[in-house]
Amino acid sequence: MLLDGLLQAARLLLTGDGDTWSIIALTLRVSLTATALALLLGVPLGTALALGRFRGRRVLLTAANTGMGLPPVVVGLFVTVLLWRSGPLGAFGLLYTPTAMVVAQTLIAAPIVAALTAAALQQVDPNFLLQMRALGATRAWALRALLAEARLPLLAVALAGFGAVVSEVGAAQMVGGNIQDETRVLTTAAVLATSRGQFALAIAFGLVLLAIAFAINLLVTLAQQHEARSSAP
Amino acid sequence: MRHSIPALVLAAVLLFVGCGSQADPAPPAAGHSAEKALILATTTSTQDSGLLDELLPQFTRDSGWQVKTLAVGSGQAIELGRRGEADVLLVHSPTAEQAFVAEGAAGQRRLVMHNDFVLVGPASDPAQVRGLDSTRAVAKIAAAQSLFVSRGDDSGTNAREKDLWKQVGITPAGAWYQATGQGMGATLRVASEKAGYTLSDRATYLAQRNTLQLDVLSEGDPRLLNVYHVIEMTTKAGDRVQVDGAKAFADWIVSPVVQQQIGRFGQAEFGQSLFTPDAGKDEASLGP
């Protein structure tokens, strides 16, 4: 069965099966967009949580850490209720569209990005900002230097966010509806194939998903290692 | 170049995303605008058997409507209709449907097709129900406390199963009665792995028979008739219900050409039809 799945995965990719490629493209588009949005939201939030000195910081930090374990199904349900035709955002007709999936996945990834960014920045020597300021850097410049200093962990943060959303099925199924040619991604396609008893196909989708995750991680890791070596003294 | 790589990765991501969205407005199957999309709430059996995959592309070509199919249990499908979240329903839970239509938010309800339910179980048949009619079979399963796997999801199949228990006056409970809460395909799989009995629509069972270790043990009983109706929703259910799309779909699925196609579906692959087309017939005249 596993071998069948492997063969079928190879066949799906090599024969350029149109359906499979459109599922792969959608998976990448939705999950990469969600990751990018989660970074836009989460990195500033994480930075504020790591460096800020304001009331409620610890509570927010705890909330972000808790959010790392946010079940995708709960997020999916929440977004579904908001986007229902009869719900508060119903006028936009977004439910069962890729946009709804991006929204849900962004909500799943943002706490992960925020919490891990905060952790990464707290790793940097606490005197770093002080030293930069002492050297005459403006606040903005010091912050930029700090983010640059922590860029390797930040890449890992991006990967963690991407990994969380590309592999989740609960929210994708609920807000996307697993509609053919429209919102079917690799995870929901694998679930459908399983419920149809097409196990080799389901395994093939799983392997394709694994291959994509591996390729993206490889790309980023190579960049990371290259960077780590070239910036070593 | 020191902080270029994260920026580069982000840029690449955004570029990719940008390209992706530009390519979006032209879904591969049809050249119609994405705004004309109706929501069909239906049962897992029509999707798991592959019927919709065969029929829907043609509807899109004929009518210009894209169809967003939500394959859920009949109970949930009716609830989506009631809330105005779906435009049209294709369901098989007649008692619940009649009550729902009586509420007034639904429009026309028309007969589409039928097949039948079958009681399946392991070939060893521990409760000795082979060949019995459906009510005697479930009574014997309960008496023997043999494993019965229920959908437990308020689907049409689940409703029929509960009817059977009611008819024999048994409230199934205990370790021998397990509810999966999943669709038909998944439930058949659980029954097969655990060597239990379950009630399935014939189409889903036939479509997956090769991967299951389950035999048909009880069939052909009028109580096992599985009738599908199409129900159009109206704006009484919600302002955003697309009445014209619902009508287009319902008219289309009862049209002679599509009815013939439904009748042929499955013959090539399984050697028998999975559904019998019934549009325009009197429901009382149907037999398994």
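Sequence lines, in order, name chains D and H. Just so we're aligned, residue 1 is where the first sequence starts under my numbering, counting upward by one. Just so we're aligned, residue 1001 is where the second sequence starts under my numbering, counting upward by one. We put the beta carbon where it would ideally sit given N, CA and C, even for glycine. What you are looking at is a predicted structure, and each value in this text was computed from that prediction instead of being measured.
Listed in chain order, the non-local C-beta contacts of Val-1138/H below 7 Å within the same chain comprise Leu-1164, Trp-1165 and Val-1168, local neighbours out to five positions each way being set aside. Contact between Leu-26/D and Pro-98/D is confirmed by a C-beta separation of about 6 Å, below the 8 Å threshold. Residues of the region 1199 to 1212 of chain H with a Cβ closer than 8 Å to any Cβ of chain D, in chain order: Ala-1207, Gln-1208, Asn-1210, Thr-1211 and Leu-1212.
Counting only residues of its own chain and dropping the five nearest sequence neighbours on each side, Val-102/D has a CB closer than 8 Å to the CB of Val-30, Thr-33, Ala-34 and Leu-37. Chain-order list of chain D residues neighbouring Glu-1085/H: Trp-84, Arg-85, Ser-86 and Leu-95, by C-beta distance under 8 Å.
Excluding its 5 nearest sequence neighbours in each direction, Thr-80/D has C-beta neighbours in its own chain below 6 Å: Met-174 and Val-175, listed in chain order. Going by beta carbons, Gly-1185/H and Thr-1043/H fall outside the 8 Å limit. Contact between Ile-1141/H and Glu-1085/H fails: their C-beta atoms lie close to 37 Å from each other, not under 8 Å. The DSSP-derived three-state label of Asp-125/D is coil. For Gln-1260/H, there are no CB contacts under 6 Å within the same chain when 5 residues up- and downstream are skipped. When the five nearest sequence neighbours on each side are left out, the beta carbons in the same chain lying within less than 8 Å of the beta carbon of Ala-137/D are those of Ala-145, in order along the chain. At least 8 Å separates the beta-carbon of Ser-1218/H from that of Ser-1155/H. If you check each beta-carbon in the region 1068 to 1102 of chain H against every beta-carbon of chain D, the ones closer than 7 Å belong to Lys-1068, Thr-1069, Leu-1070, Arg-1083, Gly-1084 and Glu-1085. DSSP, reduced to helix, strand and coil, places Gln-1261/H within a helical segment of the structure shown. Put simply, the CB of Arg-229/D is far from chain H, with every gap to its CB atoms at 8 Å or more. Taking 8 Å as the threshold, the shortest C-beta distance from Asp-1048/H to chain D falls below it. Shortest Cα-Cα distance from Leu-1052/H to any of Gly-1280/H, Ala-1279/H and Phe-1275/H involves Phe-1275/H.
Chain H places no beta carbon closer than 8 Å to that of Ile-212/D, leaving this residue out of the contacts. Between Leu-1214/H and Pro-1122/H the beta-carbon gap is near 7 Å, inside 8 Å, which marks them as a contact. Between the alpha carbons of Gln-1208/H and Gln-198/D lies a distance of about 8 Å. Check the Cα spacing between Gly-1183/H and each of Gly-1081/H, Gln-1076/H and Asp-1062/H: the tightest is with Gln-1076/H. Sequence-ordered contacts of the region 1226 to 1258 of chain H with chain D read Gly-1238 and Arg-1240 [C-beta pairs closer than 7 Å]. Within chain H, no C-beta atom comes less than 9 Å from the C-beta of Arg-139/D; the nearest is roughly 17 Å away.
Along the region 1104 to 1186 of chain H, the beta strand (DSSP E) occurs as fully enclosed runs of 3 or more residues at 1106 to 1121, 1148 to 1150 and 1177 to 1179, listed in sequence order.
The alpha-carbon separation between Ala-1250/H and Val-1241/H amounts to approximately 14 Å. For the set Leu-2/D, Val-191/D and Ile-179/D, the Cα lying nearest the Cα of Ser-167/D is the one of Val-191/D. Sorting Arg-1264/H, Ala-1248/H and Leu-1224/H by C-alpha distance to the C-alpha of Asp-1116/H places Leu-1224/H at the top.
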